[in-house]
Structure formats: structure tokens, C-alpha cells
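In what follows, a structure is listed as C-alpha cells, so that the remarks can point back to it.
Number of protein chains: 2
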Amino acid sequence: MNDKDIAFMREALNEAKIAYRKDEVPIGAVVVRDSKIIGRGHNLRESLKDPTAHAELIAIREASRSIGDWRLEDTTLYVTLEPCIMCAGAILLSRIPRVVFGAEDKKGGALVSLLHVFDTPGLNHKVVYEGGVLEEESRRLLKEFFKALRNKEKWPSLAEGARLEIE
Amino acid sequence: MNDKDIAFMREALNEAKIAYRKDEVPIGAVVVRDSKIIGRGHNLRESLKDPTAHAELIAIREASRSIGDWRLEDTTLYVTLEPCIMCAGAILLSRIPRVVFGAEDKKGGALVSLLHVFDTPGLNHKVVYEGGVLEEESRRLLKEFFKALRNKEKWPSLAEGARLEIE
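Which chain is which? The protein sequence lines are R and C, in order.
Here the first sequence is numbered in the working numbering, starting from 755 and rising by one per residue.
Here the second sequence is numbered in the working numbering, starting from 755 and rising by one per residue.
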């Protein structure tokens, strides 16, 4: 972890906050090459009614579009939450060599929690990964979101107030 | 495996043939609910320059759009080749309860080959799956494709002929 990692994770966190404001589970991601962001994404599952609209997948697709190649060599993907199985698979397919994530996802994380996808023997692509970067900020955002969601279900008129805490 | 499964796998094979004609690795998929196809897809990785443009992902996204919900409950996904890690993850996320595939993918399959994703302990969604439906047709199409690709690399002018074998 270095200053650059922290700076780019802040960008991923900004994406997560955009998701929050859209009433989406706040997860954000950026794809970086040569210290430049070439793809951004935030979770849009509910807005798009698309089960594959995770932050990482959106950022990967944007990065591929922006460089005109599905091979995202020499890039780093920053994501606020440990990737799920689908996103870990997409990272392998796009040949991203390095992943930095914020908080672990005990229930659905595919790197160090539920599965260890990148350590599968027989993979033809190697991914270096590291967690814990701005972990607290990422986790706090998710906690606020789910707290607000529960409040909204119980007391719909109070829900707007809780949202301000993330600004 | 029943007659319906074979009929829908034929539809998935038709999608794979469309991919073949676009010079894409020939893999196809359909999502079925109440004996109706609600999503179709074929591999478009090279055409779209998108590492996530697998047949299954495209079919899942189309199915979600067509019913206006990311939850694909009461559906079956038919795909000509064993799904990869990304697609297995997408199947879990979209809550598809049943998957039927054609040929196994020894190198990258995430159901029975490289990994056994649907049998991961602790998953909050259960997927019933079955392989081997029209397996030979699926495998033959892939073999033809890669043979034609090798020929094209060696003798570009002969490549068009090989393509006719799939019609």
C-alpha cells in the first residue's frame, strides 16, 4: 500500500458514494493505468435491474472501451469491497494483474473470504491482490447505508436524514 | 435431461453458430422461463472488445431487462459450454436455480472442472446443474472454430471454406 493506492481508493470511495445517493449498495471501483483512471464504476444493480451491474464489471467494461482492447494489462483495479465470484472471474478474464480492495466481504468475497479464486491451481493468469486500503471508510459507508435502509423500512420519513451523514 | 432441455440447448447452439459467423469463439446461451426464451446471448468478446461479453452474461442481462427484475427466479440457463468463474458468479447473483450445459471446459470451467463454484459451502443460493446435453455438437463447433483459426493464421485464403462446415 502506498500514497497512490490510497489516492485511487479515495476515487473508488467517491464512486461508492454516488451509488449511495442513488439508493444502491455503496460499492465503487476504478481501473488505473499509468497513474490515470481509465474506467470507473459504481453498483447499479437496482437502477439498471441488472444482476451483473457491479462496480467492478462496469469499471472493467469502461476501461476496455476506453483503450479499445479487452486485455487490461498493466492496470490496477481498486474496489471498496472484496470482489464477489463474478467480479473475480471478470478480473481474470480481463487479465488485470493487480487488485486493491478496501473491506473484506465475509459473506460473498471471492478473494480471501468465501473463496480464494485468485489462488486456484491451474489458472493461466496471475493476480496480485491486497486488501485493507481505506477499509474503515468503506465499511462505514456500507453500515450507514444498511442502517438507513432499515430505518427507511421502519420510518420512511426519517430516511432522508441518515443519507446526509455520507456527504 | 428431457426433450425440452434438448430443444433449448439447440437454441443455445444456434446462438453459438451466430458467434462463429462473427469470428467469435462459438459459445451460446439462452435463459428460459415457463418454456419461453426470455434472454439470448452469444460470445462477443472480440466484436465488443469487452472481456465480460460472454454468452451467459449477455443472456442474463437480456433476461433481466425483459422481465424488469434482476432476480431470475424460476428460470433455466442453457449454455453450450461449462460456465467460467465469472459466469458462474453471475448465475448465483441472478438467482437462476438451474443450469444445463453442453461440453465441459477442462481449462476454465467453474462447475465441474477447474472449480466447483456451485458446491461452495456457505452460498446463500442453490443451483442445480447438469452437463453433457448436446455435448458432441458443442464440442465439434469449438473444434471446427479453432481448426479454422489455425488454418487462417497459416493460410488466410483457405479459412472461409472451413467456416461452411458449421452451416
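A virtual CB, placed ideally from N, CA and C, is assigned to each residue, including glycine.
Treat the numbers as computed from the prediction; the structure is a model and nothing was measured.
Where residue i falls: helix, strand or coil (DSSP)
i: residue 827 of chain R; result: coil
i: residue 885 of chain C; result: coil
i: residue 815 of chain C; result: helix
i: residue 854 of chain C; result: strand
i: residue 791 of chain R; result: strand
i: residue 871 of chain R; result: helix
i: residue 798 of chain R; result: coil
i: residue 902 of chain R; result: helix
i: residue 767 of chain R; result: helix
i: residue 773 of chain R; result: helix
i: residue 759 of chain C; result: helix
i: residue 822 of chain C; result: coil
i: residue 895 of chain R; result: helix
i: residue 782 of chain C; result: strand
i: residue 846 of chain R; result: helix
Residue i: CB within 7 Å of a non-hydrogen atom of the ligand HEM
i: residue 759 of chain R; result: With respect to small molecules bound, the structure shown includes none, and the ligand HEM cannot be examined in it.
Straight-line Cα distance separating residue j from residue i
i: residue 884 of chain C; j: residue 825 of chain C; result: 21 Å
i: residue 789 of chain R; j: residue 831 of chain R; result: 12 Å
i: residue 780 of chain C; j: residue 904 of chain C; result: 15 Å
i: residue 786 of chain R; j: residue 760 of chain R; result: 13 Å
i: residue 882 of chain R; j: residue 791 of chain C; result: 40 Å
i: residue 835 of chain R; j: residue 893 of chain R; result: 8 Å
i: residue 768 of chain C; j: residue 856 of chain C; result: 13 Å
i: residue 919 of chain R; j: residue 833 of chain R; result: Low confidence applies here, because residue 919 of chain R scores a pLDDT of 48, under 50, leaving its location unreliable and the question unanswered by this model.
i: residue 811 of chain R; j: residue 798 of chain R; result: 10 Å
i: residue 765 of chain R; j: residue 800 of chain R; result: 22 Å
i: residue 916 of chain R; j: residue 823 of chain C; result: Only weak support exists for where residue 916 of chain R lies, its pLDDT of 46 falling under 50; the coordinates are left without a value.
i: residue 891 of chain R; j: residue 874 of chain R; result: 30 Å
i: residue 829 of chain R; j: residue 758 of chain R; result: 13 Å
i: residue 913 of chain C; j: residue 802 of chain R; result: At residue 913 of chain C, the pLDDT of 49 sits below 50, so the modelled position is not reliable; the number obtained from the coordinates is stated separately. The straight-line gap from Cα to Cα measures roughly 41 Å.
i: residue 898 of chain C; j: residue 898 of chain R; result: 54 Å
Of the listed residues the options, nearest to residue i (C-alpha basis)
i: residue 809 of chain R; options: R:793, R:907, R:870 and R:864; result: R:793
i: residue 847 of chain C; options: C:890, C:781 and C:880; result: C:880
i: residue 886 of chain C; options: C:866, C:778, C:871 and C:861; result: C:866
i: residue 853 of chain C; options: C:822, C:806, C:758 and C:837; result: C:837
i: residue 756 of chain C; options: C:858, C:888 and C:834; result: C:888
i: residue 775 of chain R; options: R:858, R:819 and R:902; result: R:902
i: residue 869 of chain C; options: C:818, C:876 and C:859; result: C:859
i: residue 751 of chain R; options: C:782, C:862, C:766 and C:806; result: Chain R is shown only over 755 to 921; residue 751 of chain R falls outside these bounds and no answer can be derived.
i: residue 784 of chain C; options: C:820, C:873, C:802 and C:890; result: C:820
i: residue 850 of chain R; options: C:829, C:806, C:802 and C:777; result: C:806
Residue environment, residue i, which counts as buried when at least 16 other CB atoms sit within 10 Å
i: residue 804 of chain C; result: buried
i: residue 773 of chain C; result: buried
i: residue 900 of chain C; result: exposed
i: residue 907 of chain C; result: exposed
i: residue 878 of chain C; result: exposed
i: residue 763 of chain C; result: buried
i: residue 818 of chain C; result: buried
i: residue 827 of chain R; result: exposed
i: residue 778 of chain C; result: buried
i: residue 921 of chain C; result: The pLDDT assigned to residue 921 of chain C is 43, lower than 50, so where the model puts this residue is not dependable; a value taken from the coordinates is nonetheless given after this. Answer is exposed; the Cβ neighbour count stays below 16.
Proximity below 8 Å, CB of residue i to CB of residue j
i: residue 839 of chain C; j: residue 813 of chain C; result: no
i: residue 842 of chain R; j: residue 871 of chain R; result: yes
i: residue 771 of chain R; j: residue 895 of chain R; result: yes
i: residue 816 of chain R; j: residue 795 of chain R; result: yes
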